Amino acid sequence: MTNANNLQEVDVPIEQMARLIKSLNRQQKIKLLQLVPELQTLQLEEVELPDEQIELVRYFQEKVEEATPPHFMQQDDIFLAGLTVAEFFALPEAKQAAIWEETHLAAEQALKKLEYPVSSDALPA
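For what it's worth, numbering that gives the first Met the number 0 labels the leading residue of the sequence shown as 0, then goes sequentially.
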(Lines of atoms letter the chains of each structure in order from A; the text may use other names.)
(Lines give C-alpha, C1' and ligand atoms only; values in the text may rest on other atoms or scores of the structure.)
Protein backbone atom coordinates (compact mmCIF):
# COMPACT_ATOMS: atom_id res chain seq x y z
CA MET A 0 0.00 0.00 0.00
CA THR A 1 1.41 3.40 -0.95
CA ASN A 2 1.77 6.39 1.30
CA ALA A 3 -0.96 8.21 -0.65
CA ASN A 4 -3.39 5.35 0.00
CA ASN A 5 -2.55 5.47 3.71
CA LEU A 6 -3.34 9.19 3.79
CA GLN A 7 -6.69 8.66 2.06
CA GLU A 8 -7.65 5.99 4.58
CA VAL A 9 -6.72 8.28 7.46
CA ASP A 10 -8.69 11.23 6.03
CA VAL A 11 -12.07 9.54 6.38
CA PRO A 12 -11.97 9.10 10.18
CA ILE A 13 -10.44 12.57 10.56
CA GLU A 14 -13.29 14.10 8.57
CA GLN A 15 -15.77 12.20 10.72
CA MET A 16 -14.04 13.43 13.85
CA ALA A 17 -14.06 16.99 12.52
CA ARG A 18 -17.83 16.82 11.94
CA LEU A 19 -18.34 15.47 15.45
CA ILE A 20 -16.07 18.10 17.00
CA LYS A 21 -18.06 20.84 15.27
CA SER A 22 -21.19 19.45 16.91
CA LEU A 23 -19.69 19.50 20.43
CA ASN A 24 -20.72 22.15 22.91
CA ARG A 25 -18.17 24.44 24.57
CA GLN A 26 -17.67 22.22 27.63
CA GLN A 27 -17.08 19.14 25.47
CA LYS A 28 -14.53 21.04 23.36
CA ILE A 29 -12.71 22.10 26.53
CA LYS A 30 -12.58 18.45 27.61
CA LEU A 31 -11.20 17.53 24.17
CA LEU A 32 -8.45 20.13 24.53
CA GLN A 33 -7.65 18.72 27.96
CA LEU A 34 -7.35 15.24 26.49
CA VAL A 35 -5.29 16.41 23.49
CA PRO A 36 -3.41 19.53 24.66
CA GLU A 37 -1.27 19.59 21.49
CA LEU A 38 -4.32 20.92 19.63
CA GLN A 39 -4.07 24.18 21.55
CA THR A 40 -0.62 25.04 20.24
CA LEU A 41 -1.01 23.97 16.60
CA GLN A 42 -2.45 27.25 15.45
CA LEU A 43 0.16 29.24 17.37
CA GLU A 44 2.88 27.40 15.49
CA GLU A 45 1.20 28.16 12.14
CA VAL A 46 0.63 31.89 12.72
CA GLU A 47 3.33 34.51 12.85
CA LEU A 48 2.77 36.33 16.13
CA PRO A 49 5.11 38.46 18.21
CA ASP A 50 6.98 36.41 20.81
CA GLU A 51 5.35 38.38 23.64
CA GLN A 52 1.88 37.49 22.39
CA ILE A 53 2.74 33.82 22.03
CA GLU A 54 4.11 33.77 25.58
CA LEU A 55 0.99 35.51 26.86
CA VAL A 56 -1.29 32.96 25.15
CA ARG A 57 0.76 30.08 26.55
CA TYR A 58 0.63 31.63 30.03
CA PHE A 59 -3.18 31.73 29.94
CA GLN A 60 -3.42 28.26 28.42
CA GLU A 61 -1.40 26.92 31.35
CA LYS A 62 -3.69 28.76 33.80
CA VAL A 63 -6.77 27.23 32.16
CA GLU A 64 -5.22 23.76 32.29
CA GLU A 65 -4.38 24.21 35.97
CA ALA A 66 -7.92 25.37 36.74
CA THR A 67 -9.65 22.51 34.93
CA PRO A 68 -8.29 19.09 35.83
CA PRO A 69 -8.51 16.57 32.97
CA HIS A 70 -11.35 14.09 32.85
CA PHE A 71 -10.67 11.02 30.77
CA MET A 72 -13.64 9.07 29.51
CA GLN A 73 -14.17 5.73 31.16
CA GLN A 74 -15.45 2.56 29.53
CA ASP A 75 -18.92 3.00 31.04
CA ASP A 76 -19.32 6.70 30.12
CA ILE A 77 -22.04 7.47 27.58
CA PHE A 78 -20.37 8.24 24.26
CA LEU A 79 -22.60 8.32 21.14
CA ALA A 80 -26.13 7.21 20.33
CA GLY A 81 -26.72 6.19 23.93
CA LEU A 82 -23.84 3.72 23.80
CA THR A 83 -21.04 3.62 26.32
CA VAL A 84 -17.44 4.01 25.19
CA ALA A 85 -16.88 0.24 25.50
CA GLU A 86 -20.07 -0.62 23.59
CA PHE A 87 -19.30 1.82 20.77
CA PHE A 88 -15.75 0.60 20.20
CA ALA A 89 -16.88 -3.03 20.36
CA LEU A 90 -19.02 -2.44 17.26
CA PRO A 91 -17.73 -3.24 13.76
CA GLU A 92 -16.05 -0.31 12.03
CA ALA A 93 -18.90 0.05 9.52
CA LYS A 94 -21.46 0.40 12.33
CA GLN A 95 -19.23 2.94 14.11
CA ALA A 96 -19.02 4.96 10.89
CA ALA A 97 -22.81 4.86 10.51
CA ILE A 98 -23.29 6.13 14.07
CA TRP A 99 -20.77 8.95 13.48
CA GLU A 100 -22.68 9.93 10.33
CA GLU A 101 -26.08 9.81 12.07
CA THR A 102 -24.76 11.91 14.96
CA HIS A 103 -23.27 14.44 12.56
CA LEU A 104 -26.48 14.72 10.55
CA ALA A 105 -28.58 15.17 13.70
CA ALA A 106 -26.26 17.92 14.94
CA GLU A 107 -26.27 19.57 11.52
CA GLN A 108 -30.08 19.55 11.42
CA ALA A 109 -30.26 21.01 14.92
CA LEU A 110 -27.89 23.80 13.91
CA LYS A 111 -29.87 24.58 10.76
CA LYS A 112 -32.85 25.32 12.98
CA LEU A 113 -30.76 28.07 14.59
CA GLU A 114 -29.86 29.73 11.29
CA TYR A 115 -31.88 32.69 10.13
CA PRO A 116 -31.90 34.35 6.71
CA VAL A 117 -30.26 37.76 6.61
CA SER A 118 -30.73 40.30 3.87
CA SER A 119 -27.67 41.23 1.83
CA ASP A 120 -27.75 44.84 3.03
CA ALA A 121 -27.97 44.00 6.76
CA LEU A 122 -25.44 45.64 9.07
CA PRO A 123 -23.70 43.75 11.88
CA ALA A 124 -24.94 44.43 15.40
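Glycine included, every Cβ here is placed at the ideal spot set by N, Cα and C. None of these values were measured; they are calculated from a predicted model.
Nearest-angstrom Cα separation, counted from residue j out to residue i
i: Q108; j: D120; result: 27 Å
i: L6; j: H70; result: At L6, the pLDDT of 48 sits below 50, so the modelled position is not reliable and the matter cannot be decided from this model.
i: A96; j: Q15; result: 8 Å
i: K62; j: P12; result: 32 Å
i: Q124; j: E100; result: Note that residue 124 is Ala in the sequence shown, not Gln. A124 and E100: Cα-Cα distance of roughly 35 Å.
i: P116; j: L122; result: 13 Å
i: R18; j: S118; result: 28 Å
Where residue i sits in the DSSP three-state scheme
i: L110; result: helix
i: T83; result: strand
i: F59; result: helix
i: L19; result: helix
i: A97; result: helix
i: T67; result: coil
i: A121; result: coil
Enclosing alpha helix (DSSP H) for residue i [first to last residue]
i: Q74; result: Where Q74 is concerned, there is no enclosing alpha helix (DSSP H), given that its DSSP letter is neither H nor E.
i: L32; result: R25 to L34
Closest residue to residue i among the options (Cα-Cα distance)
i: A66; options: Y58, S22 and L19; result: Y58
i: E37; options: Q60, G81 and L104; result: Q60
i: V35; options: I98, K111, D76 and M72; result: M72
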